[in-house]
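Per the working numbering, the first sequence starts with residue 104, numbered consecutively.
Ideal Cβ placement from N, Cα and C applies to all residues, glycine included.
See structure below.
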Amino acid sequence: MPEGHTVHRLAAEHQRMFGGRRVGASSPQGRFAEGAARLDGRVLVDADAHGKHLLLGFDDDRTLHVHLGIYGKYVFGEGAAPAPVGAVRLRLVGGSGWADLRGPNACELLEPGDVKVLRDRLGPDPLRADGDPEVAWRRVGRSRTPVAVLLMDQSVVAGPGNIYRAEVLFRQGVDPRLPGRGLSRGRWQGIWDDLAVLMAAGVRAGRIDTVRPEHMPEAMGRPPRVDGHGGEVYVYRRAGLPCLVCGSVVATVELAGRNLFWCPGCQASEV
DNA sequence: ACCTCATGAGTAG
DNA sequence: TACTCCTGAGGTA
């Protein structure tokens with residue numbers, strides 16, 4: 104679920120459901136009881152996302168900061184909220200609906216200054232209007248770190264996760280082990296622009312699809328693949344399977360603690 | 001029933 | 001690099 108596109112969707116959903124409205128807040132699980140008590144009865148004035156961080160501004164100038172981590176999940180509903188099931192960290196009710204948050208990495212109230220500190224340590228977000236690829240290039244273009252690692256570093260680019268990084272590098276034909284400074288400025292622009300396109304599509308669809316129509320498995324005589332992340336992709340978690348474009352066996356390696364996937368044929372080494 | 005792994009990231013060492 | 005947060009899906013038994 105949670106790469107940047109998911110969080111931007113969550114911001115829009117909060118805005119639609121609670122924006123400008125007074126909300127009731129509670130922590131059925133109890134682990135956010137104090138924060139929920141302070142939120143209870145406030146008006147949601149702003150719902151924003153920067154990378155994977157959800158920022159909900161309330162009328163007391165405090166901001167609720169939620170980061171889903173790897174487990175976190177939101178469930179929205181219309182009408183009266185049901186009795187909470189399981190470990191609901193935060194429940195918001197208001198307007199005609201409710202939202203339950205489970206298992207987040209972070210759920211905390213921030214003072215205005217804290218929000219700036221948080222945002223200052225995040226890189227530009229391809230989904231935001233203020234996202235500037237040049238700011239990221241200042242880090243990427245001088246780094247000896249593999250571009251695959253740089254793309255997962257939220258202080259370089261905010262929003263992409265393991266799926267988008269694998270898929271954008273495939274689509275742009277970039278060897279994931281290439282150091283950042285081995286890219287040209289134009290290649291970086293290509294990666295950035297493709298991220299913006301792919302992630303915007305992810306916000307609209309609520310899932311990650313990266314395969315171009317001419318490479319869709321249907322067009323190749325095979326049924327679409329159904330995977331846990333719910334989308335159609337070139338290389339993510341396809342290790343050992345033939346590349347949809349060139350037929351090479353998709354490779355995988357653990358890099359900086361995460362599984363990286365790429366096609367050795369399409370993403371030729373320029374190292 | 002039990003085991004492993006996952007779209008993330010801070011922190012200790 | 002490894003552990004932590006501690007959910008849920010999928011595979012194995």
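Going by beta carbon distance, what residues of the same chain come within less than 7 Å of residue i, once the five residues before and after it are set aside?
i                 : result
histidine 153     : Arg222, Leu225, Asp228, Arg231, Ala261
phenylalanine 135 : Arg192, Leu193, Cys210
alanine 139       : Ala128, Ser129, Ser130, Leu193
arginine 61       : Here the chain has residues from 104 to 374 only, and residue 61 is not among them.
valine 196        : Val126, Gly127, Ala184
threonine 355     : Ala342, Asn362, Leu363, Phe364
In its own chain, which residues sit with a C-beta less than 6 Å from the C-beta of residue i, not counting the 5 before and 5 after it?
i              : result
tryptophan 240 : Trp291
histidine 156  : His170
tyrosine 174   : Gly206
With respect to the beta strand (DSSP E) encompassing residue i, which residues constitute its N-terminal and C-terminal limits?
i           : result
lysine 155  : That residue, lysine 155, is in no beta strand (DSSP E); it is neither H nor E in DSSP.
leucine 363 : 361-365
leucine 225 : Leucine 225 -> no beta strand (DSSP E), and no H or E assigned at all.
If I follow the unbroken alpha helix (DSSP H) through residue i, where does it start and stop?
i              : result
arginine 241   : 236-243
threonine 109  : 107-121
alanine 139    : 136-142
methionine 302 : 288-308
alanine 251    : 250-253
isoleucine 266 : 265-274
So residue i packs on residue j, CB below 8 Å; how close in whole Å?
i                 : j            : result
leucine 213       : arginine 165 : 7 Å
histidine 108     : alanine 150  : The Cβ separation is near 15 Å, so there is no contact.
phenylalanine 121 : glycine 198  : 6 Å
Tell me which residues share the same chain as residue i and place their Cβ nearer than 8 Å to its Cβ, disregarding the 5 neighbours each side in the sequence.
i             : result
valine 374    : Note that valine 374 scores a pLDDT of 47, beneath 50, so its modelled location is shaky; the value from the coordinates is reported in the next line. If we look at valine 374 and ignore the five residues flanking it on each side, its Cβ neighbours are Asp278, Arg280, Leu281, Pro282, Gly285.
arginine 361  : Met255, Asn265
aspartate 346 : This sequence places cysteine at residue 346; aspartate is not what is there. Tyr337, Val338, Val352, Val353, Cys366, Gly368, Cys369, listed in sequence order.
Residues bridged to residue i by DSSP?
i             : result
glutamate 181 : Gly200
glutamate 211 : His168
leucine 358   : Arg361
serine 129    : Arg194
lysine 219    : DSSP, once it has assigned bridges, lists no residue as partnering lysine 219.
valine 146    : Arg125
glycine 160   : Asp149, Thr166
arginine 205  : Lys176, Val191
Is it the case that the CB of residue i approaches a heavy atom of the ligand ATP more closely than 7 Å?
i           : result
alanine 186 : Absence of the ligand ATP from the depicted structure is noted, as is the absence of any ligand whatsoever, leaving it without description.
Margin query: Would you call the segment 175-185 in contact with the segment 202-210, where contact means no fewer than 3 C-beta pairs closer than 8 Å?
Written below: Contact between the segment 175-185 and the segment 202-210 is present, because at least three Cβ pairs lie under 8 Å.
Checklist line | Segment contact, 8 Å Cβ cut-off, at least three pairs: the segment 270-283 with the segment 234-250 | finding: Inter-segment contact for the segment 270-283 and the segment 234-250 is present: three or more beta-carbon pairs are separated by less than 8 Å.
Note to self: Does the structure place the segment 297-315 close enough to the segment 244-251 that three or more beta carbon pairs sit under 8 Å?
What the structure shows: Per the Cβ contact rule, the segment 244-251 is not in contact with the segment 297-315 (fewer than 3 Cβ pairs under 8 Å).
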